[in-house]
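Engineer:
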Amino acid sequence: MTPQLFNDIITVYPEILMTIFALVLIVIDVVAGDKMKASVGYFGIAFVALVALLSPAGPFIGFNNMLIWDNFSYVFFLIFAMAYTLTTLGSIDYLRDKNMLKGEIYIVMFFSLIGMMFMVSANDLTIFYVGLETMAISMYVLAGFNKHCLKSNEAGVKYFLMGAFSSGLFLYGLTFIYGLTGSLTYTDIAAAIQGNTGSLGIKFGLLLMLVGFAFKISAVPFHMWAPDVYTGSPTPIAGFMTVAPKAAAFGALIRFTWVAIAPASEQWTLFFTILAVLTMTYGNLVALAQDNVKRMLAYSAIAHAGYMLIGLVTMTPEGFRAITIYMLIYSFMNIGAFTIIGLLKNKGMIDDERIESFAGLSKKNPLASLAMLLFMFSLAGIPPLAGFVGKFYIFIAAIKAEIYWLAIVGVLNSALACYYYMRVTIFMYFKEPEYETELTLKAPSFVATFIAAVLVVLVGFFPSFFVNLVSSLTV
Amino acid sequence: MMAQVAFYILAVLAVVSALGVITRENPVHSALWMLLTFFSVAGIFVQLGAEFVAAIQVLVYAGAILVLYLFVVMLLNPRAGGFIRMPAKYIIGSAVSIVVFFQIAITVWSSGIFKNGTIGPLPYAEGMNNVRAYGNVLFTKYLVPFEIASLLLLVAMIGAIVIARKD
Numbered sequence: 002m003t004p005q006l007f008n009d010i011i012t013v014y015p016e017i018l019m020t021i022f023a024l025v026l027i028v029i030d031v032v033a034g035d036k037m038k039a040s041v042g043y044f045g046i047a048f049v050a051l052v053a054l055l056s057p058a059g060p061f062i063g064f065n066n067m068l069i070w071d072n073f074s075y076v077f078f079l080i081f082a083m084a085y086t087l088t089t090l091g092s093i094d095y096l097r098d099k100n101m102l103k104g105e106i107y108i109v110m111f112f113s114l115i116g117m118m119f120m121v122s123a124n125d126l127t128i129f130y131v132g133l134e135t136m137a138i139s140m141y142v143l144a145g146f147n148k149h150c151l152k153s154n155e156a157g158v159k160y161f162l163m164g165a166f167s168s169g170l171f172l173y174g175l176t177f178i179y180g181l182t183g184s185l186t187y188t189d190i191a192a193a194i195q196g197n198t199g200s201l202g203i204k205f206g207l208l209l210m211l212v213g214f215a216f217k218i219s220a221v222p223f224h225m226w227a228p229d230v231y232t233g234s235p236t237p238i239a240g241f242m243t244v245a246p247k248a249a250a251f252g253a254l255i256r257f258t259w260v261a262i263a264p265a266s267e268q269w270t271l272f273f274t275i276l277a278v279l280t281m282t283y284g285n286l287v288a289l290a291q292d293n294v295k296r297m298l299a300y301s302a303i304a305h306a307g308y309m310l311i312g313l314v315t316m317t318p319e320g321f322r323a324i325t326i327y328m329l330i331y332s333f334m335n336i337g338a339f340t341i342i343g344l345l346k347n348k349g350m351i352d353d354e355r356i357e358s359f360a361g362l363s364k365k366n367p368l369a370s371l372a373m374l375l376f377m378f379s380l381a382g383i384p385p386l387a388g389f390v391g392k393f394y395i396f397i398a399a400i401k402a403e404i405y406w407l408a409i410v411g412v413l414n415s416a417l418a419c420y421y422y423m424r425v426t427i428f429m430y431f432k433e434p435e436y437e438t439e440l441t442l443k444a445p446s447f448v449a450t451f452i453a454a455v456l457v458v459l460v461g462f463f464p465s466f467f468v469n470l471v472s473s474l475t476v
Numbered sequence: 574m575m576a577q578v579a580f581y582i583l584a585v586l587a588v589v590s591a592l593g594v595i596t597r598e599n600p601v602h603s604a605l606w607m608l609l610t611f612f613s614v615a616g617i618f619v620q621l622g623a624e625f626v627a628a629i630q631v632l633v634y635a636g637a638i639l640v641l642y643l644f645v646v647m648l649l650n651p652r653a654g655g656f657i658r659m660p661a662k663y664i665i666g667s668a669v670s671i672v673v674f675f676q677i678a679i680t681v682w683s684s685g686i687f688k689n690g691t692i693g694p695l696p697y698a699e700g701m702n703n704v705r706a707y708g709n710v711l712f713t714k715y716l717v718p719f720e721i722a723s724l725l726l727l728v729a730m731i732g733a734i735v736i737a738r739k740d
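These protein sequence lines are chains A and B, in that order. First residue of the first sequence? That's 2 in my numbering, and the numbers climb one at a time after it. First residue of the second sequence? That's 574 in my numbering, and the numbers climb one at a time after it.
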C-alpha cells in the first residue's frame, strides 16, 4: 500500500467503519425477532461507541484535499454519537408504547450520522452536499415515521419540501461559486476569492449558499419549517432533530466560513449579525406564547441557534470553539427534556404535551420532575448548570471580539427565555393537577434521563473537561 | 452532407414536437409530445459530440422526469382544456419564452458561430471522448462523493420502504 493510499484510507476510516456497522445493523434487524427490535438500537449505541474509541487522532487530509479527519470532525462526531445514544435510549419506551418500535428507525438514524460526519469532515462542496442529502433524506423519513399520525405525516412532507427547496437554493449558489472560482475545494475557493472579494457574482453565490445553511440551522427568517416539523415528529426523534442535524450544519458552516470564505469573512459579519439577532429574538418571543411544551421547545431550539450564531459573528477561533461547546452541552440537555416530554401521558382530553399536563408532576414523580427542572434551568442558562457554561463562552467570545451590543442582546434574550422555561417548573412544583397524567420511567429512558441529568450538573460544576476538549480545536 | 440532413430532420422534429407540447389540449398528449422533443434534442447532442449529455437526456429526462410529469398529470387529472384556454397564463408563458429565446440568441450570437461558420465537437485527447473523460474523473477524483451517493440511495430505499410498507 502506498503512503498516499494509506493516508486516504485513514482519512475516511471512521466513515468506513460506520458504513460497515450500518450494514451489520440491517442484518441484525432482520435476525431480531419482533419483540427484540430494541436490540438494533442497543447494537447501534455499541457501534457508535466503538467508532468513537477506534477513530484515529488527526489531522489527516486525503482524497485530493477533499476530506479531512481532525479533532474538529472528532468532537462533532462525539456530539452526534451522544445524540444517537440518548435518543435511542429515550425513544425505546416511547416507540414501544406507540406501537412503532421498529429496527429501521435506528438504522435510518445511524445512516444519518454517516451523512453528518461527511458534512463536517468535508473540505469539498461535492462531499458536503452528498453528505447533506444523506442526512436530510434520513431526517425526512424519521420526521414522518409515525405513519398513523397526521401531524407526523405533515412534518415529513413539510420537511421534505422545505429541505428540497433549501437544497435547490444552495446548489444554485454553488454553481455560481464553481463557475467563478473554478473549484469546489474549500482551500481553492479561498485562494480564488482572495484577490476577488468585490465580485458581485461571488457575493450572490455565497449569499445563496449561506441562505441554504441558514435553512438547515433554522435561523430566522428561514425557520418556517422548524416549529411544525419539530412538533409533528415523534417526540424523542424531535429531540434528535433539534440537535444532530443542527450540529452538523453548524460544523460544516464553521469549516466553510473559516476555510473557504475566510478572505471575504468581513463582508459576511453583517449577514450573520442580522440572522443572530432575528433568530434569538423571534424564537424567544414566540416561545413565550406557547402552551404546548413540545412546540415551546421547538421555538426555543430556534432561539438557541441564534445564540450559537453569535459565535459565527465574531469570526474568531474563540467564537467557533464556543459554538462547539454550546452544541455539545445543548445536545444532552435538549434530548433529555424531549425524552421526559415523550414519556408524559395525559389521560384527559388535551394533548400529552400541553403545559397543563405538567401540573403537580413533582408529587407523582419527583425524580422525573427533578430531571425536567434541571433541563429547564440548564436551557435557561442558570448557573451553575451546563447551559450556563455554553452561554458564558458564547458571550465571552462576543466580548473578546468587542461586539458588546450583541452580547447584551444575547443576555437580554436569555433573561426573556427564563420566563417560559420557569413556567414549566412552576407548573410542575406549584400547580395542582387538573388532569390525570401518567409518567413511568422504564429502564432505557431512565438511563437516558439519568445520563443527561448527571451531565447537566457535572458539566456545570466541572466544565474544564469539555472546555479542554475543544480548547485546541482548529479547522 | 448526411450529417446536415440528419440535423435538419432532428431540428424540425424538435420544433414541431415542441409546438405540439404547447398546443395540445390534453396534458397527457402534451407530455408525450415532450418525449419526442427530448429524443430529438438528444439526437442533436450526439451530433455535437456530447454523447454523455445525450444519454443523460434520454435516461433522466425521457425516462424519469417525464414519468414524473405524467404521474402528476394523472394524479391531478386537470379538467380545464389545456393551456391555450387560459389567456393570462398564455401571456405569461409567452413572455417568459421570449426572454429565454433572446437570452439564448444573444449567447449564440456572441459565441461567434456566425463569423466562423461552423461549430463542432470540442477536441479531446487521443482515445478520449466525453463519456470516458467523465468516467475517469468520477472514479478517481470524485470517488468519495460517488460512494457516498450509494449510501444516500441505500438510505432512501430503506426510507421509502419504511414509509410505504403496510403494517
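Each residue gets a CB set at the ideal place from its N, CA and C atoms; glycine is no exception.
(1) Is Leu26/A near Val41/A, with beta carbons less than 9 Å apart?
(2) Does Ala706/B pass the burial test, meaning 16 or more other C-beta atoms within 10 Å, or should it be called exposed?
(3) Quick one, which of Val601/B, Ile617/B, Val594/B, Leu586/B has its alpha-carbon nearest Ala576/B's?
(4) For the segment 722-737 of chain B, list every residue whose C-beta sits within 7 Å of some C-beta in chain A, in sequence order.
(5) Can you name, in chain order, every residue of its own chain whose Cβ lies under 7 Å from the Cβ of Ala387/A, other than the five neighbours on each side?
(6) For Trp70/A, which of helix, strand or coil comes out of DSSP?
(7) List, in order along the chain, the chain A residues whose C-beta lies closer than 9 Å to that of Lys688/B?
(8) Relative to the C-alpha of Ser219/A, which residue among Thr258/A, Met377/A, Met309/A is closest?
(9) Can you check the segment 82-162 of chain A for any alpha helix (DSSP H) of at least 4 residues that lies completely inside it and give the ranges in chain order?
(10) Which term fits Asn501/A, buried or exposed, when burial requires 16 or more other beta carbons within 10 angstroms of its beta carbon?
(11) Going residue by residue through the segment 192-272 of chain A, where are the continuous alpha helix (DSSP H) segments of at least 4 residues, counting only ones entirely within it?
(12) Quick one: does Phe119/A have its CB under 9 Å from some CB of chain B?
(13) Check whether the Cβ of Asp71/A lies closer than 9 Å to any Cβ atom in chain B.
(14) Looking at the secondary structure, which residues open and close the beta strand (DSSP E) in which Phe61/A lies?
(15) Spell out whether any CB of chain A is found under 9 Å from the CB atom of Leu716/B.
(16) Measure from the C-beta of Tyr75/A to each C-beta in chain B and report whether the shortest distance is under 9 Å.
(17) Taking Cβ-Cβ distances shorter than 7 Å, what residues in chain B pair up with Lys99/A?
(18) For Val142/A, would you say it is in contact with chain B, using Cβ-to-Cβ distances shorter than 9 Å as the test?
(19) Classify Glu598/B as helix, strand or coil using the three-state DSSP reduction.
(20) What residues of chain B sit near Ile404/A, judged by a beta carbon separation below 8 Å?
(21) Output yes if chain E places a C-beta closer than 9 Å to the C-beta of Phe462/A; else output no.
(22) By a C-beta neighbour count over all protein chains shown, 10 Å radius and 16 as the cutoff for buried, is Asp125/A buried or exposed?
(23) Check the Cβ of Lys38/A against every Cβ in chain B and list those closer than 9 Å, keeping chain order.
(24) Determine the closest residue to Asn100/A out of Phe81/A, Tyr231/A, Ala39/A, Lys348/A, with distance taken between C-alpha atoms.
(25) What do you get for Ile582/B, buried or exposed, if any count of 16 or more other CB atoms within 10 angstroms of its CB means buried?
(26) Would you kindly report the start and end of the unbroken alpha helix (DSSP H) that includes Asn469/A?
(27) Give the residues of chain B in contact with Gly132/A, contact being defined as C-beta atoms less than 8 Å apart.
(28) Would Gly708/B be called buried (16 or more neighbouring beta carbons within 10 Å of its own) or exposed?
(29) Quick one: give me the first and last residue of the alpha helix (DSSP H) that Leu5/A is part of.
(30) Alpha carbon to alpha carbon, how far is Gly183/A from Leu417/A? Give it in angstroms, no decimals.
(31) If you count every other CB in all the chains shown that lies within 10 Å of the CB of Phe251/A, and 16 or more means buried, which is it?
(32) Listed in chain order, which residues of the segment 142-160 of chain A have Cβ atoms closer than 8 Å to some Cβ of chain B?
(33) If the cut-off is 8 Å on Cβ atoms, which residues from the segment 209-234 of chain A count as contacting chain B, listed in chain order?
(34) Alpha helix (DSSP H) containing Ala449/A: first to last residue?
(35) Is Tyr231/A buried or exposed, if buried means 16 or more other CB atoms sit within 10 Å of its CB?
Structural biologist: Looking at the atomic coordinates:
(1) Numbered from its first residue, the first sequence carries residue 26/A at position 25. Numbered from its first residue, the first sequence carries residue 41/A at position 40. Yes; because the gap between Cβ atoms is below 9 Å, this pair is in contact.
(2) For this step, residue 706/B is matched to residue 133 along the second sequence. By the neighbour-count rule (16 or more Cβ atoms within 10 Å), Ala706/B is not buried but exposed.
(3) The residue you call residue 576/B lines up with position 3 of the second sequence. Looking at the Cα atoms, Ile617/B is the closest of the given residues.
(4) Ala722, Leu724, Leu725, Val728, Ala729, Ile731, Gly732, Val735, Ile736
(5) For this step, residue 387/A is matched to residue 386 along the first sequence. Listed in chain order, the non-local C-beta contacts of Ala387/A below 7 Å within the same chain comprise Ile330, Met334, Ser379, Leu456, Val457, Val460, Gly461, local neighbours out to five positions each way being set aside.
(6) The residue you call residue 70/A lines up with position 69 of the first sequence. Three-state DSSP puts Trp70/A in a strand.
(7) As a position in the second sequence, residue 688/B is number 115, starting the count at 1. When 9 Å is used as the limit between beta carbons, Lys688/B is near no residue of chain A, the shortest such separation being about 25 Å.
(8) Position 218 of the first sequence, counted from the first residue, corresponds to residue 219/A. If we check each option's Cα against that of Ser219/A, Met309/A comes out closest.
(9) 104-122, 126-144
(10) Residue 501/A cannot be examined here, being either before or after the span of chain A that is shown, 2 to 476.
(11) 201-217, 227-233, 236-256
(12) Here residue 119/A is taken as the residue at index 118 of the first sequence, counted from 1. Yes, its Cβ sits closer than 9 Å to a Cβ of chain B.
(13) Residue mapping note: residue 71/A aligns to position 70 of the first sequence, counting from 1. Chain B contact via Cβ: absent.
(14) The residue given as residue 61/A occupies position 60 in the first sequence. Looking at the DSSP string, the run of the beta strand (DSSP E) that includes Phe61/A is 61-63.
(15) As a working note, residue 716/B is residue 143 in the second sequence. At least one CB of chain A lies nearer than 9 Å to the CB of Leu716/B.
(16) The residue given as residue 75/A occupies position 74 in the first sequence. No, no contact with chain B.
(17) As a first step, residue 99/A is located in the first sequence; it is residue number 98 there, counting from the start. What Lys99/A touches in chain B: nothing, since even the nearest Cβ is about 12 Å away.
(18) As a first step, residue 142/A is located in the first sequence; it is residue number 141 there, counting from the start. Val142/A counts as touching chain B.
(19) In the second sequence, residue 598/B corresponds to position 25, counting from 1. Note: Glu598/B maps to coil in three-state DSSP.
(20) Here residue 404/A is taken as the residue at index 403 of the first sequence, counted from 1. By Cβ distance, chain B contributes nothing, its closest Cβ being about 37 Å from Ile404/A, past 8 Å.
(21) No chain E appears in the structure shown, which is made up of the protein chains A and B.
(22) Looking up residue 125/A in the first sequence gives position 124. Asp125/A is buried by the Cβ-count criterion.
(23) Position 37 of the first sequence holds residue 38/A. Near Lys38/A there are no residues of chain B at all, since even the closest Cβ is about 12 Å away, more than 9 Å.
(24) If you number the first sequence from 1, residue 100/A lands on position 99. Of the candidates Phe81/A, Tyr231/A, Ala39/A, Lys348/A, the one whose C-alpha sits nearest the C-alpha of Asn100/A is Ala39/A.
(25) Taking the second sequence and counting its residues from 1, one reaches residue 582/B at position 9. Exposed is the call here.
(26) If you number the first sequence from 1, residue 469/A lands on position 468. Start and end: 465-472.
(27) Position 131 of the first sequence, counted from the first residue, corresponds to residue 132/A. Those are Ile721, listed as they occur along chain B.
(28) Here residue 708/B corresponds to residue number 135 of the second sequence, with the count starting at 1. The residue is exposed, with fewer than 16 neighbouring Cβ atoms inside 10 Å.
(29) Taking the first sequence and counting its residues from 1, the one referred to as residue 5/A is at position 4. A small fix is needed here, since residue 5/A is Gln in this sequence, not Leu. From DSSP, the alpha helix (DSSP H) with Gln5/A extends over 4-32.
(30) For the purposes of this step, residue 417/A is identified with residue 416 of the first sequence, where counting begins at 1. For the purposes of this step, residue 183/A is identified with residue 182 of the first sequence, where counting begins at 1. Leu417/A and Gly183/A: Cα-Cα distance of roughly 47 Å.
(31) Residue mapping note: residue 251/A aligns to position 250 of the first sequence, counting from 1. Result: buried.
(32) Val142, Gly145, Phe146, Lys148, Gly157
(33) So the list is empty, because no residue satisfies the distance condition.
(34) Counted from its first residue, the first sequence places residue 449/A at position 448. Segment 444-462, the alpha helix (DSSP H) holding Ala449/A.
(35) Position 230 of the first sequence, counted from the start, is the residue given in the question as residue 231/A. The residue in question, Tyr231/A, is buried, as its Cβ has 16 or more Cβ neighbours within 10 Å.
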